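K.L.:
Here's a structure for you.
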Amino acid sequence: MPISNSDIAGIFDEVADFLEIKGDNPFRVRAYRNASRVVSGLSRGVADLAAEEKGLEGIPGIGKDLAEKIRTIVTTKRLPFLEALKKEFPPGLGAMLKVRGLGPKKVAALHRGLGIGSVEELKKAAAAGKVRELPGFSVKTERSILEEIERAKAIGGGGPGRFKLVQAEEKVAPLLGKLEGAVGVEEIAVAGSFRRRAETVGDVDILVAAASSADVMARFVGYDDVVKVLAEGATKSSVVLRGGLQADIRVVPPESWGAALHYFTGSKAHNIAVRLMGVKRKLKVNEYGVFRGKKMIAGRTEEEIYRLFGMPYIEPELREDRGEIQAALAGKLPRLITLGDLRGDLHAHTSESDGRFTALEMAEAAKARGYDYLAITDHSKRVTIARGLDAKRLAGSIKAIDRINAKLRGFTLLKSVELDILADGSLDLPDSILDDLDLVVASVHYNFRLPKEKQTERVIRALDNPRVNIFGHPSGRLIGERPPYDIDLEKVMRAALERGCFLELNAHPDRLDLDDVHCKMAKEMGLKLALSTDAHSADDLDLMRFGIGQARRGWLEADDVINTRPLPELRKLIRRR
DNA sequence: GCCGTTTTCGGCCCGACTGTTTTCAGTCG
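Numbered according to our numbering, the first sequence terminates at residue 771, and the numbering increases by one at each position without gaps.
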């Protein structure tokens, strides 16, 4: 199996961890971290690029040395440089960096002084009161280390806690309500990865413009849901909320609002790139503004800052340093899709299978949201747990939808199905019933563990049937719960393009499937996507906002998404025969 | 380790808060 981009990124991150603990040149460490980030954001497979002449050298952040190391990994599946580092240090040392409050210096000291080489050993040593004996460590640090190890474990997932965007939304809304009424507050916003609509967030960054900070700070640290105050200052504080989500707040003067919003929205890599543009012009960019000497020359709004560097406004979802700055300078930024561009939703369930509402109720809910159409896509019979429909029941549903459509004005229910792709790539219902549908969404719900080649063939075989229009939730992942099944999505996308079918961007916040990188890959390939909620209730139709966020992170424009079309155009677009 | 219409060497983003500190390093975002 070829090496994936995330494999390479993981190796470079591991190298960076060891180099950092070793006390190596921090810029060298940064080069590895940067390379890891760049590689995981690439919309092409590194293994392919490595096979091409000069395929790797063109990538910003990958120089001669790292290109060579990538080739080594692709051909041998190993990196001797990393293996040498692993001989110098215990392999579990890198994981200790994930404990909050521990950086490379402290980890090195723990290893040197006490021979600690893993989080588990660290926990034992701290519990036994050994850590406090080390210079630079106190009883307080020791206690904090134990707390942080416990906290990380409580959140689960092994690594540092990540929360789905929907969970963060639920937590942050009432907190904002508390802060809005504080004395002197002029503006308030959630910045960070939340504003960039990343699929998960590690914390929420709340930004406040206020002439004075005392009241808003007091309300923040005194909020009911705060279980721990991590830091408390005049302009910056951090807390842990019930459930483990960390929240940070920054209070800035109103004239710095734009600079602060830009700064705290990030991403870090985007900020560094912008500040580097400042350095070249002898300007300093920080969270208070853009400065020439001591004179502030921009920063009241974000637009002002971008304009100063010769760029139009860059939408938060694009700010990952994945080419948006170059695009902005060249006047080639995409006009990102918005919720208002959508004319319908192409994936929804009813009480016929595992949904909670009838087709009529779903139609009314979709119409109320300004849509022109909604595809009813109940499960097919293989999905027994969801009471999937056989041909006979589906025929009944089709008749029922016809009756509803006859009564609806200015709205159409599309007759459809979420058809199971069986293990061998055959379909769960006969062609004869599929012929009576407007649209077929085909998805994988079983046999996740096929080898990559088989899984890929299975899906492509399903797409061979000209009745199939959309491949639903293509990777099968559930964020934070289930990894994607092993499948060559690039190959599937090419197959879809050749056959005139489409892939879904499933907007459900547990799925967000395709991810941003694959959305961009599809766009660059010329493959359009269906943006759908997979609604199981009327309220679920509102989950579309998460899909829009993901689509925007993938640089998608209205034209890249098929359900921005009026119904007659959509029908034409999906016709395969 | 990367990068260069100022540079192939010498730069590489910037500031707040904590803890153990008597002036600052470490960590974080």
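Note that beta-carbon positions come from the ideal geometry of N, C-alpha and C, so glycine has one too. Note that the coordinates shown come from a computational prediction; the quantities given were computed from them, not determined experimentally.
1. Using the C-alpha atoms, what's the distance from S332 back to I264?
2. Quick one: what does DSSP say I197 is sitting in, helix, strand or coil?
3. Using 10 angstroms around the beta-carbon of G597, count the other beta-carbons present and answer buried if the total reaches 16, otherwise exposed.
4. Pick from L435, P506, P329: whose alpha carbon is nearest that of A367?
5. For the beta strand (DSSP E) holding E698, just list the boundary residues, first then last.
6. Could you give the residue range of the beta strand (DSSP E) that holds I570?
7. Do F458 and G386 have their C-beta atoms closer together than 8 Å?
8. Relative to the alpha-carbon of K722, which residue among D754, K488, L750, D733 has its alpha-carbon at the smallest distance?
9. So what's I443 in DSSP terms, helix, strand or just coil?
10. In its own chain, which residues sit with a C-beta less than 8 Å from the C-beta of A467, not counting the 5 before and 5 after it?
11. When you compare each of L633, I615, A585, F485 to T606 by their alpha carbons, which one comes out closest?
12. Within 10 angstroms of the Cβ of L602, are there 16 or more other Cβ atoms? Answer buried if so, exposed if not.
13. Pick out the complete alpha helix (DSSP H) segments inside the region 470-534, 4 residues or longer, and give them in chain order.
14. Output the distance between the C-alpha atoms of P528 and R513, rounded to the nearest integer angstrom.
15. Determine whether the beta carbon atoms of L735 and A689 lie at a separation below 8 Å.
16. What is the C-beta distance between A697 and F665, in whole angstroms, given that I count them as a contact (C-beta under 8 Å)?
17. Considering only residues of the region 217-257, which uninterrupted beta strand (DSSP E) runs meet the minimum length of 3 residues and lie entirely inside it, listed in chain order?
18. Kindly indicate the opening and closing residues of the alpha helix (DSSP H) around S387.
19. Looking at the strands, I want to know which residues DSSP matches up with H573.
20. Taking just the CA atoms, how far does G670 sit from V638?
21. What's the gap between the Cα of L737 and the Cα of A302?
22. So, with DSSP's three-state summary, where would you put K717?
23. Take E426 as the anchor and find which of C695, D418, F283, F414 has the nearest alpha-carbon.
24. For the putative contact between S461 and R390, defined by C-beta atoms under 8 Å, what is the C-beta separation to the nearest angstrom?
25. Report the rounded CA-to-CA distance for H543 versus A732, giving the unit in angstroms.
26. Suppose you measure from the CA of G352 to the CA of A346; what does that come to, to the nearest Å?
27. Kindly indicate which three-state DSSP category T552 falls into: helix, strand or coil?
28. Compute every distance between the C-beta of T544 and the non-hydrogen atoms of the ligand NAD, then say whether any falls below 7 Å.
29. So, does the region 223-237 touch the region 302-320, judging by three or more C-beta pairs under 8 Å?
30. According to DSSP, F665 sits in a beta bridge with which residue or residues?
31. For a test of the three-state rule: what should DSSP assign to G590, helix, strand or coil?
32. Going along the chain, which residues of its own chain have a beta-carbon closer than 8 Å to the beta-carbon of R576, five neighbours each way excluded?
33. Would you report the Cα separation of A382 and F275, rounded to the nearest angstrom?
34. Buried or exposed: where does K172 fall if 16 or more other Cβ atoms within 10 Å of its Cβ makes it buried?
P.N.:
From the atom records:
1. In the first sequence, the residue the question calls residue 264 occupies position 70. In the first sequence, the residue the question calls residue 332 occupies position 138. When rounded, the distance between both Cα atoms is 42 Å.
2. As a working note, residue 197 is residue 3 in the first sequence. Coil at I197, not helix or strand.
3. In the first sequence, counting from the first residue as 1, residue 597 sits at position 403. The question names Gly, but residue 597 is Arg in the sequence shown. When all chains shown are included, R597 counts as exposed.
4. In the first sequence, the residue the question calls residue 367 occupies position 173. Checking every option, the nearest Cα to that of A367 belongs to L435.
5. Translated into positions along the first sequence, residue 698 becomes position 504. 696-700 is the span of the beta strand (DSSP E), which, as asked, contains E698.
6. By one-based count along the first sequence, residue 570 stands at place 376. It spans 567-570 - the beta strand (DSSP E) in which I570 sits, taken as one unbroken run.
7. Taking the first sequence and counting its residues from 1, one reaches residue 458 at position 264. Taking the first sequence and counting its residues from 1, one reaches residue 386 at position 192. Cβ atoms of F458 and G386: closer than 8 Å.
8. Taking the first residue of the first sequence as position 1, residue 722 is located at position 528. If we check each option's Cα against that of K722, D754 comes out closest.
9. Taking the first sequence and counting its residues from 1, one reaches residue 443 at position 249. In this structure, I443 counts as strand in the three-state DSSP scheme.
10. Stepping through the first sequence from its first residue, residue 467 is reached at position 273. Closer than 8 Å at Cβ, skipping near neighbours: D515, I519.
11. Looking up residue 606 in the first sequence gives position 412. Closest option to T606, Cα to Cα, is L633.
12. By 1-based counting over the first sequence, the position of residue 602 is 408. With fewer than 16 neighbouring CB atoms inside 10 Å of its own CB, L602 falls in the exposed class.
13. 496-502, 518-523, all fully within the region 470-534.
14. If you number the first sequence from 1, residue 528 lands on position 334. If you number the first sequence from 1, residue 513 lands on position 319. Those two C-alpha atoms are separated by around 13 Å.
15. Reading the first sequence from its first residue, position 541 is the one you call residue 735. Reading the first sequence from its first residue, position 495 is the one you call residue 689. No, the Cβ-Cβ distance between L735 and A689 is not below 8 Å.
16. By one-based count along the first sequence, residue 697 stands at place 503. By one-based count along the first sequence, residue 665 stands at place 471. Residue 697 is actually Leu in this sequence, not Ala. About 5 Å; that satisfies the 8 Å criterion.
17. Within the region 217-257, no complete beta strand (DSSP E) run reaches 3 residues.
18. Position 193 of the first sequence, counting from 1, holds the residue named residue 387. Looking at the DSSP string, the run of the alpha helix (DSSP H) that includes S387 is 386-389.
19. Start at 1 with the first residue of the first sequence, and residue 573 comes out as number 379. Within the DSSP secondary-structure output, H573 pairs in a beta bridge with E612.
20. Your numbering for residue 638 matches position 444 in the first sequence. Your numbering for residue 670 matches position 476 in the first sequence. Going by the C-alpha atoms only, they are around 7 Å apart.
21. Numbered from its first residue, the first sequence carries residue 737 at position 543. Numbered from its first residue, the first sequence carries residue 302 at position 108. If you take the alpha carbons of L737 and A302, they lie about 45 Å apart.
22. To locate residue 717, count along the first sequence from 1; it is residue 523. Of the three classes helix, strand and coil, the one that applies to K717 here is helix, per DSSP.
23. Counting from one through the first sequence, the residue named residue 426 turns up at place 232. Considering only alpha carbons, the answer is F414.
24. Position 267 of the first sequence, counted from the first residue, corresponds to residue 461. Position 196 of the first sequence, counted from the first residue, corresponds to residue 390. That pair is a contact at about 7 Å.
25. As a first step, residue 543 is located in the first sequence; it is residue number 349 there, counting from the start. As a first step, residue 732 is located in the first sequence; it is residue number 538 there, counting from the start. Roughly 10 Å between the two C-alpha positions.
26. The residue you call residue 352 lines up with position 158 of the first sequence. The residue you call residue 346 lines up with position 152 of the first sequence. Any reading at G352 needs caution, since the residue's pLDDT is 38, under 50, leaving its predicted position unreliable; the model's value is listed next. Whole-angstrom Cα-Cα distance: 7 Å.
27. Counted from its first residue, the first sequence places residue 552 at position 358. Coil, per DSSP.
28. The ligand NAD is not among the ligands present in this structure, which contains no ligands whatsoever.
29. No, the region 223-237 is not in contact with the region 302-320.
30. The count along the first sequence starts at 1 and reaches residue 665 at position 471. The bridge partners DSSP lists for F665 are A636, L697.
31. By one-based count along the first sequence, residue 590 stands at place 396. In this structure, G590 counts as helix in the three-state DSSP scheme.
32. Counted from its first residue, the first sequence places residue 576 at position 382. Annotation for R576: G582, D614, L616, D622, H639, Y640 place their beta carbon closer than 8 Å to its own, counting only its chain and skipping 5 residues before and after.
33. Taking the first sequence and counting its residues from 1, the one referred to as residue 382 is at position 188. Taking the first sequence and counting its residues from 1, the one referred to as residue 275 is at position 81. The amino acid at residue 382 is misidentified as Ala; the sequence shows Ile. Separation of I382 and F275 (C-alpha to C-alpha, rounded to the nearest whole angstrom) is 47 Å.
34. Residue coverage of the chain in this structure runs from 195 to 771, which leaves residue 172 outside it and unanswerable.
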